[in-house]
Amino acid sequence: MQILAQETASPPPPPTNICDLGPLLETNEKEEAINEYGPAFVEMVQESGVYAPAFDFFTTSMLWTVIAAALVFIMHLGFACLESGLCQAKNTVNILFKNVFIISIGVLTYALWGFNTHYPGDSWIIGGWLALGGSIGDLNADGGSTFSYGGLDLAMTGYGDFIFQSMFAATAATIVSGAVAERIKLGTFMIYATILVGFGYTIAGSWHWGGGWLGGLNGDAGFKDFAGSTVVHAFGGFAALAAVIVLGPRTGKYVNGKVKPILGHSMPLATIGVFLLFLGWFGFNGGSVLSANPGPLGLVFTTTTLAACAGAIAAITVAWIKFGKPDLSMALNGVLAGLVGITANADIVSPIGAITIGAIAGIIMVFSVILFDSVLKIDDPVGAISVHGICGIWGTLACALFDTTDSGYTISGQLIGCLSVCVFAFLFSFALCHILKAIGGIRVTEEEEKMGLDVSEHGQPAYSAVDSLGSEAALKL
1 MQILAQETAS PPPPPTNICD LGPLLETNEK EEAINEYGPA FVEMVQESGV YAPAFDFFTT
61 SMLWTVIAAA LVFIMHLGFA CLESGLCQAK NTVNILFKNV FIISIGVLTY ALWGFNTHYP
121 GDSWIIGGWL ALGGSIGDLN ADGGSTFSYG GLDLAMTGYG DFIFQSMFAA TAATIVSGAV
181 AERIKLGTFM IYATILVGFG YTIAGSWHWG GGWLGGLNGD AGFKDFAGST VVHAFGGFAA
241 LAAVIVLGPR TGKYVNGKVK PILGHSMPLA TIGVFLLFLG WFGFNGGSVL SANPGPLGLV
301 FTTTTLAACA GAIAAITVAW IKFGKPDLSM ALNGVLAGLV GITANADIVS PIGAITIGAI
361 AGIIMVFSVI LFDSVLKIDD PVGAISVHGI CGIWGTLACA LFDTTDSGYT ISGQLIGCLS
421 VCVFAFLFSF ALCHILKAIG GIRVTEEEEK MGLDVSEHGQ PAYSAVDSLG SEAALKL
C-alpha cells in the first residue's frame, strides 16, 4: 500500500490529433505520455469516440477506490455493534458515542496533518523515522486529479487517495476502544484517541507505507504488510494492551484470584457487527490493491474470504473441544482473527495458503484470549488484544512462510518490522495513558462504573428498560 509519487522522464511531444494517440500509447513512453497529456487525450477521445483502455481503467479504478473507502467506513459501524453487543447494556450509549467520535476526529486529524505525516515524501524530520506534515491543501494541484498523481501504478486521484487512507486512520483507536470499554473516562479517552490517531498511527505508518526505514528490511524486498496486519491491527492491539494495563480490570472481573465472567448483553448485535466487519474487509484488503486490476483484486477477495471462513471453523472446533460447548463469541472472533491474519499477505498467498493462515489465526486467537483473561488477568472485554495484536503478528510472519511470489521476505526481517511497530505502539500508548492519568485521571469511580457509563457519563440510557429499572437494578445489568 506504499504510495510514492513516481519521477518521470521528459514526455514525448503531445499528439496533435486522434490518429497520433494509438501509436503513442504503444510506445515505451506510454506512461509518460499519459501522465503529461492525460486531459488532452481524454478530450480527443471524447471528440472522436475512440475507445481508450488506459482511461477506462483509470476511471474504473478510481470508482473502485471510493467504493472501497465506503466499505471501510462501514467497518466502523461493525466495530460499534460488536463492542456494544459484547459489553453490558448499561454502557451501550458510551460505546456508540466513542465510535462516532473516533471516526470523526480520525478523518479531521488525518486531513489537518496526518496524511502528509503518513506520506511525507521528502519532508522527513529524521530521515525514514519521523515526519510531521501539514494539511492536505488542494489535492488537485500538481496533477492530483489525473494520472500524473501516481501514474499507472496508482490509479486514483489525490482526493481518492486521501479518502481511502483516512478511513484506515481511525481504526487503531477503535481497536483500543473495545479493550478499555466499561471503565475509562470519556473525556480522557477522547484526548487519547485524538493523539493516538493523529500522531502515533501516522508515525508508525510512515515507517512502511510512507517510504520509511522498514523498506530496508528483507534485503531489496522491503517489509511486507499489504493492508496492515502490523501497521494497523497489531499497532492497535498493542496500544490497547498498554492502555488496559494502566487502566486495570473492570470491577468484579477478578475476585479472590478467580475469573468472574461479565457477559455481553446482545449476541445478535455482536454478530451483526462481525458480518459488517467481514463486508468492510473486502474494501480494506481489496482497496489496498490501489486499482481495479482484475488479477490481484480477484485473488485478494478470494484469499480474504477463505482466511475468514477458516478462522471461524478453526476457532469453533478448538473452543468446542476446550469448553465442551460451541461458543458464539469465539466463532465471531475466529472470523476476525482470520481476517487480521490475511491482511498482511492477501496478495501473495495461494488459496490453500490463505486457508492455512486463517485456520492458524483462529487457533491462536482462542488460546491467546484464554491466556490474557485467565492467566495474565488482563481484562479485554472484546478480545481485541488477541484478535488484532497477536493475530496481526502471525499474519505478518506468514508473509515469509506462504509467499508464492519468491520476493525474498524473511522471518527475521518480518519479525524486526513487526516487533518495532508493536513496541512503539505499546510505549506510545503506555506513556500517553500515564500522562493522562496524572493530569486528570483515566478511570471512572467504582460507583460510576457500577451505575453504568450511559447514566454516569451521558445521563442517557440506551434502553428504556434500564432507565425504568432505576440505578440499583442497573447495577446488575
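Oh and the sequence shown: position 301 is 301 in our numbering, straight run, nothing missing. Positions of the beta carbon are idealized from the N, C-alpha and C atoms, including for glycine. Fair warning: this is a prediction, and the values are worked out from it, not measured in the lab.
Could you compute how far the alpha carbon of residue i sits from the alpha carbon of residue j?
| i | j | result |
| --- | --- | --- |
| L152 | W64 | With a pLDDT of 48 at L152, under the threshold of 50, the predicted position of this residue should be treated as unreliable, though the coordinate-derived value follows. So the two alpha carbons sit approximately 15 Å from each other. |
| A170 | F372 | 25 Å |
| N28 | I355 | A caution first: N28 carries a pLDDT of 47, below 50, which makes its placement in the model unreliable, though a value can still be read off. So the two alpha carbons sit approximately 40 Å from each other. |
| G248 | D379 | 7 Å |
| L82 | M62 | 31 Å |
| G287 | F323 | 38 Å |
| N99 | V423 | 25 Å |
| V349 | G216 | 22 Å |
| G341 | A314 | 13 Å |
| P296 | T410 | 22 Å |
| A111 | W124 | 18 Å |
| L86 | N94 | 13 Å |
| F168 | T174 | 10 Å |
| E26 | T202 | Because E26 sits at a pLDDT of 48, beneath the cut-off of 50, its placement in the model cannot be relied upon, and the following sentence gives the value as read from the coordinates. Going from the Cα of E26 to the Cα of T202 covers about 40 Å. |
| G417 | G211 | 13 Å |
| F275 | L269 | 10 Å |
| L480 | S229 | Since the first residue of the chain shown is 1 and the last is 477, residue 480 is not available in this structure. |
| M267 | T302 | 28 Å |
| F57 | I245 | 49 Å |
| Y51 | T59 | A caution first: Y51 carries a pLDDT of 47, below 50, which makes its placement in the model unreliable, though a value can still be read off. Roughly 13 Å between the two C-alpha positions. |
| C309 | V335 | 6 Å |
| V455 | H265 | 16 Å |
Would you mind stating whether residue i and residue j have Cβ atoms separated by less than 8 Å?
| i | j | result |
| --- | --- | --- |
| A359 | G311 | yes |
| L71 | G280 | yes |
| G178 | P381 | yes |
| F284 | M75 | yes |
| N333 | G383 | yes |
| V180 | H208 | no |
| L328 | F278 | no |
| T251 | E449 | yes |
| A240 | V176 | yes |
| V387 | A331 | no |
| Y254 | K437 | no |
| L139 | Y119 | no |
| G133 | N116 | yes |
| A425 | C391 | no |
| G413 | N218 | yes |
| I357 | A307 | yes |
| G441 | T271 | no |
| V289 | D347 | yes |
| G205 | F428 | no |
| K260 | R443 | no |
| F97 | H458 | yes |
| F402 | G353 | yes |
Taking the alpha-carbon of residue i as reference, which of the options has the nearest alpha-carbon?
| i | options | result |
| --- | --- | --- |
| G121 | V180, G459, G362 and W213 | W213 |
| I105 | P294, T194 and I262 | T194 |
| P299 | T404, G215 and L186 | Checking the sequence, you will find Leu at residue 299 rather than Pro. Ranking the options by Cα distance to L299, first place goes to T404. |
| T445 | Y201, R183 and H458 | R183 |
| S407 | N345, L328 and G210 | N345 |
| G257 | F164, V335 and S374 | S374 |
| F162 | F428, A173 and I136 | I136 |
| F79 | I103, I67, T59 and V66 | I103 |
| I67 | I262, S291, L269 and L77 | S291 |
| G198 | W113, T304, P326 and V455 | W113 |
| L263 | S84, L108, K185 and T109 | S84 |
| L419 | T305, F238 and T109 | F238 |
| F164 | A400, V107, L77 and L130 | V107 |
Check residue i in the structure and name its three-state DSSP category.
| i | result |
| --- | --- |
| Q460 | coil |
| V107 | helix |
| Y254 | strand |
| A221 | coil |
| W209 | coil |
| G22 | Caution is warranted here: a pLDDT of 48 is assigned to G22, below 50, making its placement in the model unreliable, and no coordinate value can be reported. |
| W124 | strand |
| I378 | coil |
| V259 | strand |
| A170 | coil |
| L489 | Outside the shown range of the chain, which is 1 to 477, sits residue 489, and nothing can be said about it. |
| I184 | strand |
| T27 | Residue placement at T27 is flagged as unreliable, the pLDDT there being 46, under the threshold of 50; the coordinate-derived value follows with that caveat. Three-state DSSP puts T27 in coil, outside helix and strand. |
| G324 | coil |
Would the stretch 304-318 count as touching the stretch 354-366 if we require 3 or more Cβ pairs under 8 Å? Between the stretch 304-318 and the stretch 354-366, the count of C-beta pairs closer than 8 Å reaches three or more; the two stretches touch.
Answer yes if the stretch 218-238 comes into contact with the stretch 394-410, meaning at least three C-beta pairs across the two stretches below 8 Å, and no otherwise. Enough Cβ pairs lie closer than 8 Å, so yes.
Do the stretch 183-193 and the stretch 429-438 touch if we need at least three Cβ pairs shorter than 8 Å? Using a Cβ-Cβ distance cut-off of 8 Å, the stretch 183-193 and the stretch 429-438 are in contact, since at least three pairs of beta carbons, one from each stretch, lie closer than that value.
Pairing CB atoms from the stretch 446-464 with CB atoms from the stretch 87-102, are three or more of them under 8 Å? The answer is yes - the stretch 87-102 touches the stretch 446-464, with three or more Cβ pairs under 8 Å.
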